[in-house]
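Asker: Chains as they are written, first to last, in the numbering used here: chain A, 1 to 96; chain B, 1 to 492; chain C, 1 to 382.
Where a beta carbon is used, it is the ideal one built from N, C-alpha and C, also for glycine.
A quick note: this is a predicted structure, and the numbers were derived from the prediction, not measured.
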Amino acid sequence: MFPYSTFLGPVFWMAMGAFVVIFFMGLAALLKDRQIPMNWWKWLLVVTWCIMLYIVVVGGFTLFGENETRAGLYFLGVFGTFMAVVGVALYRLLTK
Amino acid sequence: MKKKDKGIDRRNFIKLAGMASGGLLLGGAAGAGFSAGSSKDSYTGWGRTAYGKDQFFNRKSFEVDHPTYEQIGITRRIEYVEDLFKRNGEMRRLMFAGAGQAPQWRFEQGIESLPEPLKSYYEAHPGALEEFEKSLLMARKQREDWPKYRNKYLLADAYSNAHASPIMGQGAFPPAPQGPPEESDFRGVKTAVLKLKSPEHGSKLIKMITHTFGASLVGIAAVKSDWVYQGFLRGVGKTDFEVPVHWKNAIVFAVPHEWDSMYANPTYGNSYDAYSRLRFIAGKLEVFVKEIGYAARSHVPPTSYEIAMPPLAIDAGLGEQGRHGVIITPELGANTRLAAITTNMPLEPDKPIDVGIKKFCDKCKICAEECPSGAISFSDKPETVIRGYKRWSIDQDKCYTVWNSVATSHSRGCRVCIAVCPYSRKNNWLHNIAREVDPRDPTGLVASGLLAMQKKFFKYPGGQEYLPPPDGSNQTYLDAPDWLKTEEWFDL
Amino acid sequence: MHKPSNFRNWSILIVVALMIMAAIIHGAKVSEGTQRHYLEETFNASNCNFKPINANKWELSGLEPNCTGHVYFGEGYGYNGPVRVMFHTDTVGFIQFIVPVDHNETPSYFKKLEQHGFLNHMISTQIALYKDEEPVDMVSGATISSRAIQQAIRDGYLKGEQLSTQSKQIQFGMLELCILVLFLMGMLIHTKYGHSQRRLLRWSSMVLSVIVLGFVFNAHLHLSRIAAFLAGYFPDFFLYPAVYLLIGGSLVIALLSGKNVYCHSVCPFGSAQEILAKIGGGKPRRPPWHRTWKWVQYGGALIVLLYALSNSNPGLAHYEVFGAFFSLTGNPLLLGITIPVVVISLFVKRFWCRFICPIDGVFAYIRLFRNTIIQTFAQLLK
């Protein structure tokens, strides 16, 4: 990822790992504040959704990186919209 | 009270930090994705290493006993004039004899007055002679129009010519064989032969060596006489010959074109980058095999072959035949260029593979839609039977007319079908998912989904658009890389 | 109280009808002008006289040797909509040449047919052969494309000679069956079943519509389709019964019963939006300006329709996101619009239908027509 450095790559992924932990801590706090009860399968769905969203973003930008701009936009548009719909459905399921 | 306030602050801080991290994660995802897509390490065959483990597809679970082409009826060897370049070479010799000499044949004289085997070829292929005449006209127009495009494609043309330089003329490597194969293939063979531990050892060693010479893929197949040309033998000339007994095995290997220029076909791409690398590998390998005591003969592009490469490579398990007639391999897709060494060294042949490429080509048809010449069939299944094999075949003559029509300095190919092929993808996580999952899916749903995405998401300029005006607009499949764009480096 | 509103309704109905008629007439003029332009471009205009026989046929006379016989203009349906061709027949009815004049197919489309010798194949066939069938074999793999040209020839010939189609087997398939079933279910929904049965019927009908009409066949009512009908481009009934079933079924039911069955449960995009609203918990929202906005929605549809008709190009009236949603077809702008439409549909039930869809305007016109006639009769009877 950082062609001119052997140092920045590992640092980047360490930071990403830290962000994952902080993000889920913040999410847990948020859900608690909103008084949304959580259990193991709800967490599983939430984590799955987050991973899928991550993959959609990485996939779209991989295509951008390959110079396939149009494909990247379509990829983000189609799967991003799909993830938005699933996300709304998931939120409704959590707050039911 | 105060404590509670502090608690709320901390909670809010965690929530805020969490949401900010979410945003940073997505940003990091975007950055990681972009770099995965643009990483030079993903340029199979041009990336980190010629034989790095991470670029290979594990063929073990897809090996089959019979390759995916279908044999029906009586097979025969390939008449040398059935090869476009040999045929056109013969025609040119007849029509453009040396200075001051009268041509031996003109178009007005018709097919009847052509010598054999040209006469029977053109009689069996109606329209082919007209197409050849058209290609000569287009070649003249191409030369006349070149000044218009010379500046725009200066770097692309220079790049192509540079790669072509080790191929042409007297100094070409490997040197052309002299004399019959029974002499030339043994010339330079060291006589003190040690006993090879086993053919498996031989295969393993040769593959390793060939990889270190720069080959991206190496396979080994027993030579099948159906793939050997008839009527012309390098070092001897025009002759009918039996397949020499010492052509027992073939070491067939592949390299890709440089990926970015390949995607910018037809005008920014070239064939010679792969050709010259293949010739270096072949020539060195020939010497290596002779040094360890076995006969060897190189078969190298563009035209120095006694064997047709794609079926040989299919037998060796490198890939399957595509609708565009080109071999498609799991690692390189259609961006696969081939050369081979025939040898009497005892080697363990590889098994052919079935990774579903043939089935995919039945449905895809993207290359047929994009082909500027209309040479590629649209049919739902291969319909043509060529020399006893039911397989895809392209209209060579139509294809060659487009070589002479695109905006290049001279006839040096088109390669659009290679660029647009959905299998021609680099080595990154996104395409590796497709590469690994699709062949393992028995339902075909993954293939249908991928094909739908391929057709809906990706940009395809469309057949004629690759041609110069007035027929098209000199489109390339993808935008050319900066390093081939003259305007980035020179004042136009 | 009835009188002024009835008067207003009649004026709206008549003014809109007149505007559409004017646009059609103007479109016909434009079309004749365009046809003449094509003729002048193709033949040597100074030595050749062109006489329009009807909207599809021209007679040629003049000193030029090839300025004899007739020229026809016809239309077929390709991948991306109508394909119009011009073709010339000599005095004894052999086709001399075929030129595509207007189409939305990919650039290489006709070149490809040419390369496969398809156009050559059709040249010098007897035009009379086209009366009952399409006589030339298709280019395999480009079936729809080559069929479109043959249809266009047949269409131009039949209309030019005012012959009636009386030939073939009707192409009745899965799609047509599905449309009939959907209309039947749609009418059943409006009869007096219990609430839960109606709900079940409606939801199964919508799911069927989304899957079959939407994703499999991508069959919708488009404003451009209606524009094509108004301008007199009728696709071959025997080949495309689905088009007639969709338009006819919706219109007849709307006129007779006053119920808009199409939008309610047949339209695949309406159904898709309803499913989205179910997912997102969307509610029907009527902001205070909704009534005023309706005029913008209908007016927009009318303006686009008039624009397309007066240019004699029904394809211009295409601004629906249906194709983009179900099969990612259409220009990038429509695709870009589709994404917010889908997301908003999660929260606003049937957002597209209520705020943008031009087809709603068409049904509003029919509803107004029906109600006004009933009102007028009621007044007369009083």
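1) Between Tyr4(A) and chain B, is any beta-carbon pair separated by less than 8 Å?
2) Can you tell which of Leu230(C), Thr68(C) and Gln35(C) has the C-alpha that lies nearest to the C-alpha of Val99(C)?
3) Using a Cβ cut-off of 8 Å, pull out every chain A residue sitting near Leu276(C), in sequence order please.
4) Label Asn371(C) either buried or exposed according to how many other C-beta atoms from any shown protein chain fall within 10 Å of its C-beta, with 16 as the threshold for buried.
5) The segment 339-355 of chain C: which residues have C-beta closer than 7 Å to a C-beta of chain A, in chain order?
6) With 8 Å as the threshold, decide whether the Cβ of Leu63(A) is near any Cβ in chain B.
7) Our contact map puts Asp350(B) next to Ala316(B) with C-beta atoms below 8 Å; I'd like the distance itself, whole angstroms only.
8) Under 7 Å Cβ-Cβ, which residues of chain A neighbour Asp65(B)?
9) Just to confirm the assignment, what range does the alpha helix (DSSP H) spanning Cys48(C) have?
10) Of all the residues that make up the segment 23-52 of chain A, which are near chain B by a beta-carbon distance shorter than 9 Å?
11) If you follow the alpha helix (DSSP H) that His290(C) is part of, which residue opens it and which one closes it?
12) Are there 16 or more other CB atoms within 10 angstroms of the CB of Met168(B), so buried, or fewer, so exposed?
13) Within the continuous beta strand (DSSP E) that includes Trp58(C), where are the two ends?
14) In three-state DSSP terms, what is Ile433(B)?
15) Kindly indicate the opening and closing residues of the beta strand (DSSP E) around Gln230(B).
16) Output yes or no for whether 8 Å exceeds the beta carbon distance between Tyr149(B) and Ala334(B).
17) Any beta carbon from chain F within less than 8 Å of Ile373(C)'s own beta carbon?
18) Determine whether the Cβ of Met16(A) lies closer than 8 Å to any Cβ atom of chain B.
19) State yes or no: is the beta carbon of Leu25(B) nearer than 8 Å to at least one beta carbon in chain A?
20) Let me see if you follow: with CB-CB separation under 8 Å, is Lys485(B) close to chain A or not?
21) Can you tell me where the beta strand (DSSP E) with Leu194(B) in it begins and where it stops?
22) Within a Cβ cutoff of 6 Å, which residues of the same chain sit near Phe79(A), ignoring the five residues on either side of it in sequence?
23) Taking the straight line between their C-alpha atoms, what separation do you get for Ile394(B) and Asp54(B)?
24) What residue range is occupied by the uninterrupted beta strand (DSSP E) comprising Gly237(B)?
25) Taking Phe7(A) as the query, report the chain B residues whose CB atoms sit under 9 Å from its CB, ordered along the chain.
26) Out of Ala295(B), Glu200(B), Gly231(B) and Ser379(B), which one is the CA nearest neighbour of Glu245(B)?
27) Exposed or buried, which one is Ser108(C) when buried takes at least 16 other CB atoms within 10 Å?
28) Could you please give the first and the last residue of the uninterrupted alpha helix (DSSP H) stretch that includes Val362(C)?
29) Count the other CB atoms, across all protein chains shown, that sit within 10 Å of the CB of Asn249(B); report buried if there are 16 or more and exposed otherwise.
30) Under 7 Å Cβ-Cβ, which residues of chain A neighbour Ser21(B)?
31) What's the C-alpha gap between Leu53(A) and Lys32(A)?
32) When we look at the beta-carbon of Pro287(C) and count the other beta-carbons within 10 Å, is it buried (16 or more) or exposed?
33) Using a Cβ-Cβ cutoff of less than 8 Å, which residues in the same chain neighbour Tyr319(C) once the five nearest sequence positions on both sides are dropped?
34) Please classify Met86(C): does DSSP put it in a helix, a strand, or coil?
35) Just mark Val437(B) as buried or exposed, buried being the case when its beta carbon has 16 or more other beta carbons within 10 Å.
36) Report all residues from its chain with a CB closer than 6 Å to the CB of Ala156(B); omit the five preceding and five following residues, and keep chain order.
Answerer: So, from the data block:
1) Counting from one through the first sequence, the residue named residue 4(A) turns up at place 4. With 8 Å as the cut-off, Tyr4(A) does not count as an interface residue toward chain B.
2) As a working mapping, residue 99(C) is identified with position 99 in the third sequence. Ranking Leu230(C), Thr68(C) and Gln35(C) by Cα distance to Val99(C) puts Gln35(C) first.
3) As a position in the third sequence, residue 276(C) is number 276, starting the count at 1. Going along chain A in sequence order, the residues near Leu276(C) (Cβ under 8 Å) are Val85.
4) As a first step, residue 371(C) is located in the third sequence; it is residue number 371 there, counting from the start. Asn371(C) should be labelled exposed.
5) From the segment 339-355 of chain C, only Ile339, Val342, Val343 and Leu346 have a Cβ closer than 7 Å to chain A.
6) Residue numbering aside, residue 63(A) sits at position 63 when the first sequence is read from its first letter. So yes, Leu63(A) belongs to the interface.
7) Walking along the second sequence from the start, residue 350(B) turns up at place 350. Walking along the second sequence from the start, residue 316(B) turns up at place 316. About 5 Å separates the beta carbons of Asp350(B) and Ala316(B), which is inside the 8 Å limit, making them a contact pair.
8) Translated into the one-based positions of the second sequence, residue 65(B) becomes position 65. Residues of chain A passing the Cβ test: none, with the nearest at roughly 37 Å.
9) Stepping through the third sequence from its first residue, residue 48(C) is reached at position 48. Where Cys48(C) is concerned, there is no enclosing alpha helix (DSSP H), although the beta strand (DSSP E) it sits in stretches over Cys48 to Asn54.
10) Phe23, Phe24, Met25, Gly26, Leu27, Ala28, Ala29, Leu30, Lys32, Asp33 and Cys50
11) Translated into the one-based positions of the third sequence, residue 290(C) becomes position 290. Its alpha helix (DSSP H) spans residues His290 to Ser310.
12) Mapped onto the second sequence, residue 168(B) falls at position 168. The residue is exposed, with fewer than 16 neighbouring Cβ atoms inside 10 Å.
13) Taking the third sequence and counting its residues from 1, one reaches residue 58(C) at position 58. Element bounds for Trp58(C): Lys57 to Gly62.
14) To locate residue 433(B), count along the second sequence from 1; it is residue 433. Three-state DSSP puts Ile433(B) in a helix.
15) As a first step, residue 230(B) must be located in the second sequence, where it is residue number 230. Its beta strand (DSSP E) spans residues Tyr229 to Leu233.
16) If you number the second sequence from 1, residue 149(B) lands on position 149. If you number the second sequence from 1, residue 334(B) lands on position 334. Contact flag unset, no.
17) Protein chains A, B and C are contained in the structure displayed, whereas chain F is not.
18) Within the first sequence, numbered from 1, the residue matching residue 16(A) stands at position 16. Answer yes: the Cβ-Cβ gap between Met16(A) and chain B drops below 8 Å somewhere.
19) Here the question's residue 25(B) lines up with position 25 in the second sequence. Chain A contact via Cβ: present.
20) To locate residue 485(B), count along the second sequence from 1; it is residue 485. For Lys485(B), the answer is no, since every Cβ of chain A falls outside 8 Å of its Cβ.
21) In the second sequence, counting from the first residue as 1, residue 194(B) sits at position 194. Where Leu194(B) is concerned, there is no enclosing beta strand (DSSP E), given that its DSSP letter is neither H nor E.
22) For this step, residue 79(A) is matched to residue 79 along the first sequence. The answer, listed in chain order, is Val56.
23) As a working mapping, residue 394(B) is identified with position 394 in the second sequence. As a working mapping, residue 54(B) is identified with position 54 in the second sequence. Each residue's Cα considered, the two are about 34 Å apart.
24) Looking up residue 237(B) in the second sequence gives position 237. Where Gly237(B) is concerned, the enclosing beta strand (DSSP E) stretches over Gly237 to Thr239.
25) Looking up residue 7(A) in the first sequence gives position 7. Those do not exist, as Phe7(A) stays about 16 Å from chain B at its closest Cβ, beyond 9 Å.
26) Within the second sequence, the letter at position 245 stands for residue 245(B). The amino acid occupying residue 245(B) in the given sequence is Val; Glu does not appear at that position. Nearest C-alpha to Val245(B): Ala295(B).
27) One-based indexing of the third sequence puts residue 108(C) at position 108. Below a pLDDT of 50, predicted positions are generally treated as unreliable, and Ser108(C), at 49, falls in that range; the measurement from the model is reported next regardless. Looking at its Cβ environment, which holds 16 or more other Cβ atoms inside 10 Å, Ser108(C) is buried.
28) The residue labelled residue 362(C) in the question sits at position 362 within the third sequence. Pro358 to Leu381 is the span of the alpha helix (DSSP H), which, as asked, contains Val362(C).
29) As a position in the second sequence, residue 249(B) is number 249, starting the count at 1. With 16 or more Cβ atoms within 10 Å of its Cβ, Asn249(B) is classed as buried.
30) As a first step, residue 21(B) must be located in the second sequence, where it is residue number 21. Per Cβ cutoff of 7 Å: Phe19, Ile22, Phe23 and Gly26.
31) By 1-based counting over the first sequence, the position of residue 53(A) is 53. By 1-based counting over the first sequence, the position of residue 32(A) is 32. Straight-line Cα distance between these residues: approximately 23 Å.
32) Position 287 of the third sequence, counted from the start, is the residue given in the question as residue 287(C). So Pro287(C) ends up on the exposed side.
33) Against the third sequence, residue 319(C) aligns to sequence position 319. If we look at Tyr319(C) and ignore the five residues flanking it on each side, its Cβ neighbours are Leu223, Val304, Leu334 and Pro358.
34) As a first step, residue 86(C) is located in the third sequence; it is residue number 86 there, counting from the start. Strand, per DSSP.
35) The count along the second sequence starts at 1 and reaches residue 437(B) at position 437. Exposure of Val437(B) is indicated by the presence of fewer than 16 other C-beta atoms within 10 angstroms of its C-beta.
36) Sequence index remark: in the second sequence, residue 156(B) carries index 156 (1-based). These residues qualify, in order along the chain: Tyr268 and Leu484.
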